[in-house]
DNA sequence: TATTGGCACTCAGAGAGTCCGAGTGCTAAA
DNA sequence: TTTAGCACTCGGACTCTCTGAGTGCCAATA
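Chains as they are written, first to last, in our numbering: chain A, 422 to 760; chain B, 422 to 760.
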């Protein structure tokens with residue numbers, strides 16, 4: 422068990438290091454914080470912390486720097502979620518009013534989050550795995566083409582042009598539209614495939630063919646729903662913290678540009694405490710992000726969790742501030758989507 | 422007038438500098454290129470080029486580096502568009518097959534371009550300023566809501582949920598849908614406003630109100646068409662060329678993240694020669710891009726130019742290769758969209 | 001047992017000094 | 001107009017030294 426004062430020392434080291442970007446030594450520590458003990462005592466504590474791998478000295482005669490493990494202990498046990506100040510609250514309120522559709526709301530949200538935190542912000546589009554079909558529409562668009570529109574209960578709308586290969590019969594399309602809605606309106610996306618299986622039974626060969634083309638496209642649309650999407654903002658903030666990324670920021674940029682990587686990472690993250698989830702440095706299991714930390718939280722749409730949002734920045738980030746910003750924005754987004 | 426040999430020297434300087442990233446001196450120049458004259462002669466030529474502000478010496482005892490003006494002369498008069506090699510052609514062909522809708526095609530295109538050039542690639546979504554309405558659809562979506570779908574002749578589809586405020590009358594919506602299509606199908610987007618002006622005349626007050634809400638939304642949709650959009654790929658390539666951007670890449674990242682800036686810049690660019698348009702360094706008139714060059718070309722949809730695509734990279738980029746890649750990709754995209 | 005003052009030791013980074021060689025401009029001759 | 005020759009420049013690389021913040025350890029102290 423690590424004694425309380427040593428933990429206080431760790432907290433002080435993390436705070437000073439985040440503020441100064443310099444390894445912090447025992448002497449400056451006792452100067453800036455009122456520990457009531459001498460530098461020598463602090464040194465003993467630091468030796469203990471180093472033994473526990475919570476801090477680390479870049480070289481013999483330098484101060485100490487928190488390790489990933491040190492940051493982890495800090496956020497789990499030592500940091501308080503600091504409430505946003507009035508200006509920040511105000512910024513959130515102002516940012517959100519007047520957003521009309523989903524795209525715009527999420528776009529605003531991600532920009533807001535990157536401005537509040539000065540980090541790279543990301544917002545995941547609502548995952549539709551648990552969503553259900555609200556409505557499907559077929560609209561004749563040209564001689565041999567039909568526009569298919571799929572609306573889900575999460576409010577997402579997708580459209581796709583289906584090439585039929587033959588001139589279309591408007592009446593039949595209308596009939597098919599009705600039939601499809603009768604079958605799958607209200608059904609979970611995962612059930613759609615089973616429900617439309619026998620839709621063509623009893624039709625003439627020609628209609629069967631058209632139907633199967635449309636059904637094939639519909640199933641593709643449903644499947645495409647699982648292909649999740651992330652929007653980003655504030656990428657340039659990375660470059661401003663360049664010195665925090667030894668080597669180059671290039672691998673970090675690569676990682677966040679590659680949606681697949683990002684989706685996998687945040688997919689693995691489950692809310693830990695305070696409703697927020699963190700990956701610190703090498704916890705990310707992705708080489709390029711060894712010096713980066715991710716803070717995410719889930720946001721909800723009408724009561725059920727549907728997706729995540731968060732920020733990415735250097736391991737040496739201000740966790741307290743970022744955590745509260747992510748939480749606050751997630752809360753406001755949930756509220757906005759509630760209507 | 423600058424003598425031919427001096428221009429050859431300029432070409433050699435640009436080529437060597439791009440290849441080596443080192444200021445090039447008279448001696449290495451005569452070694453690598455068969456000028457048939459001595460280094461001293463080359464020095465005289467270089468003095469001339471320096472007088473014309475085409476090259477510039479970072480300091481007294483260093484070689485020379487092309488200026489923005491030097492690059493400009495190089496691309497305008499000295500560089501040949503080098504045809505793509507077979508592997509590159511193959512890559513383009515492979516990349517394009519199987520693209521279904523506009524989103525996916527443009528997404529593939531921008532990734533392809535960034536891979537071919539190792540630069541940041543961008544593709545502008547088709548501008549709809551000259552587009553016309555092909556079809557408008559109104560679909561009852563919930564008790565008081567209607568889904569409006571607007572399809573233009575450029576193939577772009579937009580949808581928007583309209584909140585009516587009152588329970589909807591399906592018959593009336595169907596009637597309105599017909600009326601709207603009769604009025605504006607085929608009309609240029611710019612003419613829509615005038616055409617729908619009197620649509621509500623003769624209706625009952627209640628219907629007038631619903632109609633005006635829908636028309637208001639329709640006009641917003643039409644206007645939103647002018648809000649252009651750009652997609653990017655290969656941002657991490659910037660970080661790999663970091664040494665080419667004195668100071669930091671941060672302002673460059675900011676510029677390309679800010680769609681407004683980017684749209685303004687490429688909006689100003691008109692095709693010069695070979696169907697391609699360039700801005701070199703400070704020609705960009707945007708401070709953050711002082712060390713960046715932009716290469717863009719237009720691509721067409723069924724015969725009329727509709728948008729641009731291109732790459733952004735350091736001033737010291739391989740112009741020949743990038744120009745031909747941009748041109749080739751624009752050509753292939755035009756072909757793909759032709760169907 | 002925990003804390004403290006003292007002390008010898010370490011080492012990255014800053015600063016000063018030196019050297020090298022690629023590159024220059026100029027001049028006089030071909 | 002071109003060339004060889006020459007004196008000159010100066011950034012960058014290299015070495016060396018010095019400094020001071022920081023350390024670990026030990027013996028004395030509360």
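Don't be surprised by glycine CBs; every beta carbon is placed ideally from N, CA and C.
On a predicted model such as this, the values are computed, not experimentally measured, just so you know.
| Check | Outcome |
| --- | --- |
| Contact set for residue 555(B): own chain, Cβ-Cβ below 8 angstroms, skip 5 residues either direction | 572, 573, 574, 606 and 607 |
| Distance CB(residue 698(A))-CB(residue 531(A)) smaller than 7 angstroms | no |
| Whole-angstrom distance between residue 564(A) and residue 590(A), CA atom to CA atom | 9 angstroms |
| Inter-stretch contact (C-beta, 8 angstroms, three-pair minimum) for the region 524-543 of chain A and the region 726-734 of chain A | yes |
| Chain-ordered chain B contacts of residue 656(A) [CB-CB under 7 angstroms] | 656, 674 and 678 |
| Partners in chain A for residue 560(B), counting only beta-carbon separations shorter than 9 angstroms | 556, 558, 560, 570 and 572 |
| Proximity of residue 488(A) and residue 477(A) at Cβ, strictly below 7 angstroms | yes |
| Distance cut-off 6 angstroms: residue 526(B) Cβ against heavy atoms of the ligand FAD | This structure lacks the ligand FAD; in fact it carries no ligand of any kind. |
| Among 514(A), 437(A) and 426(A), the one whose alpha carbon lies nearest that of residue 752(A) | 514(A) |
| Under 9 angstroms (Cβ pairs) to chain A, residues found in the region 580-607 of chain B | 580, 581 and 582 |
| Beta carbon proximity, residue 459(B) to chain A, threshold 7 angstroms | no |
| First through last residue of the beta strand (DSSP E) which encompasses residue 459(B) | Element bounds for residue 459(B): n/a, residue is neither H nor E. |
| Rounded separation between residue 757(A) and residue 695(A) - CA only | 21 angstroms |
| Beta strand (DSSP E) runs wholly inside the region 569-607 of chain B, at least 3 long, in chain order | 578-584 |
| Pair within 7 angstroms by beta-carbon distance, residue 682(A) and residue 713(A) | no |
| C-beta contact flag for residue 537(B) and residue 711(B) at 7 angstroms | no |
| Spatial neighbours of residue 742(A) in its chain, beta-carbon cut-off 6 angstroms, leaving aside the 5 residues before and after | none |
| Start-end ranges of the alpha helix (DSSP H) lying completely within the region 479-527 of chain B, minimum 4 residues | 489-494 and 507-517 |
| Continuous alpha helix (DSSP H) stretch holding residue 545(A): start and end | No alpha helix (DSSP H) holds residue 545(A); the beta strand (DSSP E) holding it covers 541-545. |
| Reduced DSSP secondary structure (H/G/I, E/B, other) of residue 445(A) | strand |
| Sequence ranges, alpha helix (DSSP H) only - wholly within the region 679-740 of chain B, length at least 4 | 680-689 |
| Residue 534(B) and residue 750(B) closer than 7 angstroms at C-beta | yes |
| Residues of the region 726-742 of chain A with Cβ closer than 7 angstroms to any Cβ of chain B, in chain order | none |
| Nearest candidate by alpha-carbon position, reference residue 584(B), set 661(B), 630(B), 738(B) and 612(B) | 630(B) |
| Proximity of residue 708(A) and residue 684(A) at Cβ, strictly below 7 angstroms | no |
| Buried/exposed call for residue 446(B), threshold 16 Cβ in 10 Å | buried |
| Distance, residue 721(A) Cα to residue 759(A) Cα | 8 angstroms |
| Span of the alpha helix (DSSP H), counted from its first residue to its last, around residue 631(B) | 626-645 |
| Own chain, CB closer than 8 angstroms to residue 632(A), minus 5 neighbours either side, in chain order | 597, 620, 621 and 624 |
| Neighbourhood of residue 675(A) by C-beta distance below 7 angstroms, restricted to the same chain and skipping five residues each side | 709 |
| Other residues of its chain near residue 739(A): CB distance less than 7 angstroms, five sequence neighbours each side excluded | 439 |
| Where the alpha helix (DSSP H) containing residue 622(B) begins and where it ends | That residue, residue 622(B), is in no alpha helix (DSSP H); it is neither H nor E in DSSP. |
| Test: residue 553(B) CB closer than 7 angstroms to a CB of chain A | no |
| Within-7 angstroms CB hit, residue 635(A) to chain B | no |
| is_contact[residue 756(B), chain A] using C-beta, thresh 7 angstroms | no |
| Chain-ordered chain B contacts of residue 522(A) [CB-CB under 8 angstroms] | 581 and 582 |
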